[in-house]
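For the sequence shown, my numbering assigns the number 849 to the initial residue and increments by one for each residue that follows. All C-beta atoms, glycine included, are put in the ideal place defined by N, C-alpha and C. Take a look at the structure below.
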Amino acid sequence: MGMRAIFRNLCPNCNGDIDDIRLSLSAPCEKCLPIPTSIIKSIYEKKGKKEVRKYILKYLEREKKLQKYREIVQLEEMVDELNSYFKKALNSTMWSAQRAWARRVIKKRSFAILAPTGVGKTVFGILLSLYLA
849 MGMRAIFRNL
859 CPNCNGDIDD
869 IRLSLSAPCE
879 KCLPIPTSII
889 KSIYEKKGKK
899 EVRKYILKYL
909 EREKKLQKYR
919 EIVQLEEMVD
929 ELNSYFKKAL
939 NSTMWSAQRA
949 WARRVIKKRS
959 FAILAPTGVG
969 KTVFGILLSL
979 YLA
């Protein structure tokens, strides 16, 4: 395997440096989670992202290394719940832009949605209003 990218201050748990593979798997850096990336990848491929997050959260709690990871897991659970609501209402899941907007709403961040016609701004706003009502 060739050189990989290292991202500074992007570990979802400790804000430390993390490689691109772990980041794509929603896993913390090797300092927080000293489990081989291949094992994390195997769990991810067999059980999916939700199970990986649960496994990592339990591990970090047990090893007393949990810092910010719980917040990320809770945020993604809320986004998944909203995505399920979209699926029920429209028989379609949210697009990636809509998931990004959902994260901002859940975090109570003020933001403007600037996107071309047909991206799903109105549908997002209507369904979000119904969901939050």
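query	result
Identity of the residue in I854, K912, K895 and K898 nearest L881 by Cα	K912
Residues sharing a beta bridge with I866, DSSP	F855
Own chain partners of Y892 with C-beta closer than 6 Å, once the 5 adjacent residues on each side are dropped	L873 and V900
Cα-Cα separation, L858 to I887	21 Å
Chain-order list of residues whose beta-carbon lies under 8 Å from that of I854 (same chain, five-residue window excluded)	D865, I866, D867 and D868
Touch test, the segment 947-967 against the segment 903-912, Cβ-Cβ under 8 Å, three pairs minimum	no
Distance CB(L923)-CB(R951) smaller than 8 Å	yes
S890 to K898 span [Cα, whole Å]	13 Å
Reduced DSSP secondary structure (H/G/I, E/B, other) of I888	helix
CA nearest to the CA of P860, picked from R870, A948 and Y917	Y917
Three-state secondary structure assigned by DSSP to S874	coil
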